[in-house]
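Participant: Below you will find the structure I want to go over with you.
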Amino acid sequence: MSFSNSDQEIIFKKGLTWKVVTAIVVSSLLFVPASIYLSMVAGGTLSFAATLLMVITFSELSRLLGEKLSRQETLAMYEALNLVSSLGAGGIGAYWIIFRLFFIESPISWAYKINNIPLPLLVPSWLAPSKVEIRTLFQPSMVIPILVYLTFSACYLLAEFSLTMMFAPLFLETEKLPFPFAKIDVGIVDTLSSRDFEQTRIFITFLYPGALYGIFVIMLPILVNITFIPLPWVDLTSITDAIIPGAIIGVATDLMPWATGLIVPLNAAISIFIGSILIWIFGNNIFLTSFPNVFPKWVAEYRRGMNISLIWQRSLYRVWFAPQIGFGLGISFMVFILTFKNILKVMKVMITEKKKTSLYPNFLMLLALFVFGTSFSALVHSMLTSFPLYISLIYSVGLSFLFALANSTTLGMTGYSISIPYLWATLVYYSDYRSYSGWVISPVLAGSSTPGMLNTLKAAYLTETYPMDVIKALVLGVIASTIIGTLSLDLFWRMAPIPSSMFPFTTIDWARTAIGDSLLITRQIDINPKVILFSALSSGILSGLFEISNRLFSLPLSGPGLIAGFFTLPPYAIATLISSIIGNLLIPKVVKKESWDKVKGTVVAGLAAGYGLVIGFTIALFFVLNSGWIWPW
Numbered sequence: 011m012s013f014s015n016s017d018q019e020i021i022f023k024k025g026l027t028w029k030v031v032t033a034i035v036v037s038s039l040l041f042v043p044a045s046i047y048l049s050m051v052a053g054g055t056l057s058f059a060a061t062l063l064m065v066i067t068f069s070e071l072s073r074l075l076g077e078k079l080s081r082q083e084t085l086a087m088y089e090a091l092n093l094v095s096s097l098g099a100g101g102i103g104a105y106w107i108i109f110r111l112f113f114i115e116s117p118i119s120w121a122y123k124i125n126n127i128p129l130p131l132l133v134p135s136w137l138a139p140s141k142v143e144i145r146t147l148f149q150p151s152m153v154i155p156i157l158v159y160l161t162f163s164a165c166y167l168l169a170e171f172s173l174t175m176m177f178a179p180l181f182l183e184t185e186k187l188p189f190p191f192a193k194i195d196v197g198i199v200d201t202l203s204s205r206d207f208e209q210t211r212i213f214i215t216f217l218y219p220g221a222l223y224g225i226f227v228i229m230l231p232i233l234v235n236i237t238f239i240p241l242p243w244v245d246l247t248s249i250t251d252a253i254i255p256g257a258i259i260g261v262a263t264d265l266m267p268w269a270t271g272l273i274v275p276l277n278a279a280i281s282i283f284i285g286s287i288l289i290w291i292f293g294n295n296i297f298l299t300s301f302p303n304v305f306p307k308w309v310a311e312y313r314r315g316m317n318i319s320l321i322w323q324r325s326l327y328r329v330w331f332a333p334q335i336g337f338g339l340g341i342s343f344m345v346f347i348l349t350f351k352n353i354l355k356v357m358k359v360m361i362t363e364k365k366k367t368s369l370y371p372n373f374l375m376l377l378a379l380f381v382f383g384t385s386f387s388a389l390v391h392s393m394l395t396s397f398p399l400y401i402s403l404i405y406s407v408g409l410s411f412l413f414a415l416a417n418s419t420t421l422g423m424t425g426y427s428i429s430i431p432y433l434w435a436t437l438v439y440y441s442d443y444r445s446y447s448g449w450v451i452s453p454v455l456a457g458s459s460t461p462g463m464l465n466t467l468k469a470a471y472l473t474e475t476y477p478m479d480v481i482k483a484l485v486l487g488v489i490a491s492t493i494i495g496t497l498s499l500d501l502f503w504r505m506a507p508i509p510s511s512m513f514p515f516t517t518i519d520w521a522r523t524a525i526g527d528s529l530l531i532t533r534q535i536d537i538n539p540k541v542i543l544f545s546a547l548s549s550g551i552l553s554g555l556f557e558i559s560n561r562l563f564s565l566p567l568s569g570p571g572l573i574a575g576f577f578t579l580p581p582y583a584i585a586t587l588i589s590s591i592i593g594n595l596l597i598p599k600v601v602k603k604e605s606w607d608k609v610k611g612t613v614v615a616g617l618a619a620g621y622g623l624v625i626g627f628t629i630a631l632f633f634v635l636n637s638g639w640i641w642p643w
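Last residue of the sequence shown: 643 (my numbering), numbering continuous.
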């Protein structure tokens, strides 16, 4: 199939073949369990590592069978496996059912009430059963909660894929937005499909140190209960507490921020570090010591000796909850100003464009599917929670379309996307809603995945891959990873309670989430509109100054990077900065910059792949060693 425009004619070639389908299914079986486990251990996923490892593996197998992977097959495989390996436990609906069970039993939630009724008594059976006798997802009381989550997930995917195919002709054919990050995907695919010997050698070389690190931080603690390096960070607050109380200071011990930091641009890493220390170190300390009257609940709840996880929980909900909403609005407003003319142009094209393309389904059919997915989610949400339907419809249908439009334009032009945290919680906060379920589950807000999928389709255009083949590969990846992810989560839960020491990140994250939900639902978090407005204005101005400084004076600063730092804990910001300095300043002094730029992605992939392999092997070995007591009692 071909597509013609004023510049050139693109002859698209088939990308979805039996080899790609096999790779998606096999990779889901191998890496989804490991990725889910890693997300519950350290809060991350395998992502890039597993993707490259499996593409290289299937490329070699194809060569042995005498059928070399084409450029188009490599792209479809790469993009689908990238989606598969990025799935964490939080992306599985059943994970939140298990969380609700924890919430029901937790003494944290019993301390909070609505109309003198403890919150656990308000959790409906369609969100989670009140109690289970055995730890497994496959029992009658779990059927309805799983169906509810699957319904919302299906509506979300329907809306996102519909928006992607609706916007693709406009952004990729009419407006021809650059989508700068698509070139990275194209470069990786070209390297993998050409199978350059030097790149392969480097990948395998760095596989070993990644695997060695995984042995010390993952394998030995799990299999023989010997801990050399604690996950997810080395907590230094016990040392710094006397000097700068309230500050979050530590160093990340998960390999991924160190590995990926090697390829993070220095201006972004510096800005993330600045943003992180402004909020979580100086901000926490200033509002505790210099201005204690601004956030008195933070002062009242802080205790000397609190560790990182406790400081993070209390400062987030007592100080930074409302400001983070403003930070998201501020960066959105700044980027909107930079891209406003283009957004208007795209909207005009959408209304007046008469050209039809045979690459995608009919526009009106896609629009109908989008409206159905979002409005059906709003209707189901209103029926289940008794939340006002008109607010759910405006949020799900109207905001989804506008958010996807602005977010896709922004990412297409700058490479950065927009994120506005706690938007639904803020809407509920200012409503008259007085129950539990409407807070913790929301109608579909599409538009967060559409820009990334458009970036993927841009890579398809650049590699002459039939776009619908890429879409089909992504859909298959979603289905396979969801099924295998649910089965994997059930096995992990059977082997050990969640949260527990076997899943250390959940012990931190679930307590924080339970506290946050409880404080929100009982309206004990102050979402002050003045604080939101001030935070939005100040973050918009500050990020704008960072961008101006970068563009006019070439200072190593990034506006979106600064705001990203506001949401990044210092242990990760410190690791990213140190690694970025190594990758951008030190290594180029030893190796030629051109040579390093060519191989640094492969170096990161090798480190991450070795780490991921150890995680996968550890999980498999753990299953074997504990096969005698797999039953959940």
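All residues carry an ideal CB built from backbone N, CA and C; glycine is no exception.
Predicted model only: the values in this text are computed from it and were never measured.
1. DSSP on W243, reduced to helix/strand/coil?
2. Which partner residues of F513 appear in the DSSP bridge assignment?
3. Starting from G260, follow the beta strand (DSSP E) in both directions and report where the run begins and ends.
4. Among the residues of its own chain, which have a CB less than 7 Å from the CB of P371, if the five just before and after it don't count?
5. Check whether the Cβ atoms of S72 and L276 lie closer than 7 Å to each other.
6. Can you give me the Cβ contacts of V450 inside the same chain, cut-off strictly under 7 Å, excluding the 5 residues immediately before and after it?
7. Buried or exposed: D442, going by 16 or more other Cβ atoms within 10 Å of its Cβ?
8. Taking the alpha-carbon positions, what's the Y312 to S549 distance?
9. For the alpha helix (DSSP H) holding A90, just list the boundary residues, first then last.
10. Identify, in the order they occur along the chain, each residue of the same chain with its Cβ nearer than 6 Å to the Cβ of P302, setting aside the five sequence neighbours on each side.
11. Could you have a look at K23 and say whether DSSP puts it in helix, strand or coil?
12. Exposed or buried, Y47, counting other C-beta atoms within 10 Å across all chains shown (16 or more means buried)?
13. Of all the options S564, L617, T67, which has the alpha carbon lying nearest to the alpha carbon of W268?
14. Taking C-beta to C-beta, are F413 and G457 nearer than 7 Å?
15. For A483 and E89, which I take to be in contact (beta-carbon distance under 8 Å), what is that distance rounded to the nearest angstrom?
16. Residues in its own chain within less than 6 Å of G338 by CB, not counting five upstream and five downstream?
17. I'd like the span of the alpha helix (DSSP H) that includes L374, first residue to last.
18. Under 8 Å by Cβ, that's how I've got P645 and A178 pegged, so tell me the actual separation to the nearest angstrom.
19. Look at the Cβ atom of I296, then the Cβ atom of F576, and state whether they are nearer than 7 Å.
20. So, for Y218: in the same chain, excluding its five sequence neighbours on each side, which residues have a beta-carbon less than 7 Å away from its beta-carbon?
21. Taking its Cβ as the centre, do 16 or more other Cβ atoms sit within 10 Å of E557, making it buried, or is it exposed?
22. Under a CB-based cut-off of 7 Å, is G616 close to chain E?
23. With L580 and S286 assumed to form a contact (beta carbons below 8 Å), what rounded beta-carbon distance in angstroms separates them?
24. In angstroms with no decimal places, state the Cα-to-Cα distance between K78 and G25.
25. F305 and R328 look like a contact to me (Cβ under 8 Å); what is the Cβ gap, rounded to whole Å?
26. Which of the three DSSP states, helix, strand or coil, is assigned to K141?
27. Between the Cα of S387 and those of T32, A278, T161, spot the shortest distance and give me the residue it belongs to.
28. Identify the residues that DSSP records as bridge partners of K123: which are they?
29. Three or more beta-carbon pairs under 8 Å between the stretch 28-38 and the stretch 82-101, yes or no?
30. Please list, in chain order, all residues of the same chain as F331 whose beta carbon is under 6 Å from its beta carbon, the five residues on each side excluded.
31. Taking the alpha helix (DSSP H) that R533 falls in, what are its first and last residues?
32. Going by DSSP, what residues sit across from T475 in a beta bridge?
33. With three or more C-beta pairs closer than 8 Å as the rule, is the stretch 146-156 touching the stretch 96-116?
34. Is it the case that the Cβ atoms of P333 and S406 are separated by a distance below 7 Å?
35. Which term fits A52, buried or exposed, when burial requires 16 or more other beta carbons within 10 angstroms of its beta carbon?
36. Under a Cβ-count criterion, where at least 16 other Cβ atoms within 10 Å of its own Cβ denotes burial, should S14 be classed as buried or exposed?
Facilitator: Well, looking at it:
1. strand
2. S510
3. 260-262
4. M175
5. no
6. D527
7. exposed
8. 26 Å
9. 81-95
10. V309
11. strand
12. buried
13. L617
14. yes
15. 7 Å
16. S429, I430, P431
17. 373-395
18. Past the boundaries of the shown model lies residue 645; the chain is included only from 11 to 643, so the question cannot be answered.
19. no
20. G620
21. buried
22. Checking the listed chains, one finds no chain E in this structure; it contains a single protein chain.
23. Correcting the residue identity first, residue 580 is Pro in this sequence and not Leu. P580 to S286, Cβ: 5 Å. Contact.
24. 13 Å
25. 6 Å
26. coil
27. T161
28. P128
29. yes
30. I535
31. Segment: none, R533 is in no alpha helix (DSSP H) and carries neither H nor E.
32. K23
33. yes
34. no
35. buried
36. Confidence at S14 is low in this model, with a pLDDT of 48, below 50, so its placement is unreliable and the value that follows should be read with caution. It is exposed - the Cβ of S14 has fewer than 16 other Cβ atoms within 10 Å.
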